[in-house]
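K.L.:
Have a look at this one before I ask anything.
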Amino acid sequence: MEPDLAAAYERCRALHRRHGRTYYLATRLLPAWKRPHVHALYGFTRHADEIVDSTDALPPAARARALRDWSDRFVAGLHGSPVDDPLLPAVLHTIRTFDLDRADFAAFLHSMAMDLEIAEYEDYGDLLEYMEGSAAVIGTMMLPILDPADPALAREPARQLGLAFQLTNFIRDIGEDLDRGRVYLPQRDLRAFGLSTADLRLAAQRGTASTAIRELVRYEITRARAHYAAAAPGVTMLAPTSQACIRAAYHLYGGILDEVERADCDVFARRATVPNRRRLLVAARCLLTPAGRPVAAPSAPPVPQAAG
263 MEPDLAAAYE RCRALHRRHG RTYYLATRLL PAWKRPHVHA LYGFTRHADE IVDSTDALPP
323 AARARALRDW SDRFVAGLHG SPVDDPLLPA VLHTIRTFDL DRADFAAFLH SMAMDLEIAE
383 YEDYGDLLEY MEGSAAVIGT MMLPILDPAD PALAREPARQ LGLAFQLTNF IRDIGEDLDR
443 GRVYLPQRDL RAFGLSTADL RLAAQRGTAS TAIRELVRYE ITRARAHYAA AAPGVTMLAP
503 TSQACIRAAY HLYGGILDEV ERADCDVFAR RATVPNRRRL LVAARCLLTP AGRPVAAPSA
563 PPVPQAAG
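Per this note's numbering, the sequence shown starts with residue 263, numbered consecutively.
Here is the structure:
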């Protein structure tokens, strides 16, 4: 591998290790030759997210311009132009190696641009439109690397797993997103529980959630677990050497919801994280689980109608 390309892959790996601890641990269960390509996809999504969220000192217009400039370099690279960037060579190499669908990357970048324009979503249908580009397509980007026996059949479970992971993050990170001026939980859901964005901000300032907020969080957990249940059949569709990785990611992200519930759904008191000992036990158990064994999906009754 050429030095510049190797350095780009290493840059992506470092981003993944620093910012995606749960997924990074799961990725270590993949065959060694597949891991750099997963790091590359994580690096792509993380860097775009950093342009949007880690440059708060810049006004939205400047961040939008930075995202557009980086996206233009990426598109130029797709068309064969030389790319002067610390991580894009790895991303482009992964895309070419697995013939990944370019439309997934365009959809992702579109959702990142939405974060600079849209601060809240009226209902879950509106949020799903955003999550299609920010989460569902990441599942489909990954599929060729994970090598399912029937890619068409595995596509929808992969999309559902992306949605499950992102909704898990939205539930856990309500306070962090408020700091960025965003509320991802649908406004209709807030109103159904007698809440407003102002109530969320007050709870964040106090460091504790009200009873109504806890009930809202429980409602959203039910919705997230429905996505996990829809994703579960997809794990055994993957190549045997890919199943331990996604099985572990499935249980570790789902474990975040367990931790939220263990804290009585108070997402403002502390950030819900899966303890390291449990993370390692889950990874070891998934590595030892025979390929083809069905994933035990979380209990996912139909999402109830919100009160009100």
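Every residue, glycine too, gets a C-beta built ideally from N, C-alpha and C.
#1: DSSP has Val445 in a bridge; who is on the other side?
#2: Comparing C-alpha positions only, which one of Pro293, Leu362, Trp332 sits nearest to His372?
#3: Is there contact between the segment 264-272 and the segment 342-360, where contact requires at least three CB pairs shorter than 8 Å?
#4: If distances are taken between C-alpha atoms only, which option among Leu550, Pro556, Arg555, Val557 comes closest to Leu291?
#5: Please classify Ser343: is it buried, with 16 or more other beta-carbons within 10 angstroms of its beta-carbon, or exposed?
#6: Since I believe Glu521 is in contact with Ala534 (beta carbons under 8 Å), could you give me their beta-carbon distance rounded to a whole number of angstroms?
#7: If I'm right that Leu519 touches Thr430 with Cβ under 8 Å, what's the distance once you round it to whole angstroms?
#8: Could you work out which residue in Ala338, Ala416, Asp377, Pro502 is closest to Met393 when comparing CA atoms only?
#9: If the criterion is Cβ atoms closer than 8 Å, does the pair Leu482 and Ile433 meet it?
#10: Does the distance from the C-beta atom of Tyr383 to that of Pro448 stay below 8 Å?
#11: Helix, strand or coil for Pro293? Go by DSSP, reduced to three states.
#12: Under a three-way DSSP split, which group does His341 fall into?
#13: How would you label His513, buried or exposed, when you count the other beta carbons within 10 angstroms and need 16 or more for buried?
#14: With DSSP run on the structure shown, which of helix, strand or coil describes Gly554?
#15: With a Cβ-Cβ cutoff of 8 Å, do Leu329 and Gly339 count as a contact?
#16: Check whether the segment 551-559 touches the segment 293-303, counting contact only when three or more Cβ pairs, one atom from each stretch, lie closer than 8 Å.
#17: Applying the 10 Å Cβ sphere with the 16-neighbour rule, what's the burial state of Leu277?
#18: Count the other C-beta atoms from every protein chain shown that fall within 10 angstroms of the C-beta of Gln467, then say buried if there are 16 or more, exposed otherwise.
#19: Report yes or no: do three or more beta-carbon pairs, one from the segment 456-466 and one from the segment 386-400, lie closer than 8 Å?
#20: Compare the Cα-Cα distances from Pro322 to each of Arg540, Ile380, Cys507, His341 and report the closest residue.
#21: Taking a contact to mean a Cβ-Cβ separation below 8 Å, would you say Ala375 touches Ala326 in this structure?
#22: Could you check if Ser504 is buried or exposed, using at least 16 other CB atoms within 10 Å of its CB as the buried criterion?
#23: Could you check whether Arg540 and Gly517 sit closer than 8 Å to each other, using their CB atoms as the reference points?
#24: Can you tell which of Phe367, Asp439, Glu312 has the C-alpha that lies nearest to the C-alpha of Phe530?
#25: Tell whether a beta-carbon distance below 8 Å holds between Leu423 and Gly496.
#26: Which stretch, first to last residue, makes up the alpha helix (DSSP H) that contains Met376?
#27: Counting C-beta neighbours from all protein chains within 10 Å, is the total for Thr289 16 or more, i.e. buried, or is it exposed?
#28: Buried or exposed: where does Asp366 fall if 16 or more other Cβ atoms within 10 Å of its Cβ makes it buried?
P.N.:
This is what the structure gives:
#1: Glu382
#2: Trp332
#3: yes
#4: Leu550
#5: Taking a 10 Å sphere around the C-beta of Ser343, we find fewer than 16 other C-beta atoms and assign the residue as exposed.
#6: Yes, they are in contact, since the Cβ atoms of Ala534 and Glu521 sit about 4 Å apart, within 8 Å.
#7: 6 Å
#8: Asp377
#9: Correcting the residue type first, residue 482 is Glu in the shown sequence and not Leu. Yes. Within cutoff.
#10: Between Tyr383 and Pro448, the C-beta spacing is below 8 Å.
#11: coil
#12: coil
#13: Buried is the label assigned to His513, since at least 16 other Cβ atoms lie within 10 Å of its Cβ.
#14: Coil at Gly554, not helix or strand.
#15: no
#16: no
#17: buried
#18: exposed
#19: Contact between the segment 456-466 and the segment 386-400 is absent, because fewer than three Cβ pairs lie under 8 Å.
#20: Ile380
#21: yes
#22: buried
#23: yes
#24: Asp439
#25: yes
#26: 364-376
#27: buried
#28: Only buried fits Asp366, as 16 or more other CB atoms lie within 10 angstroms of its CB.
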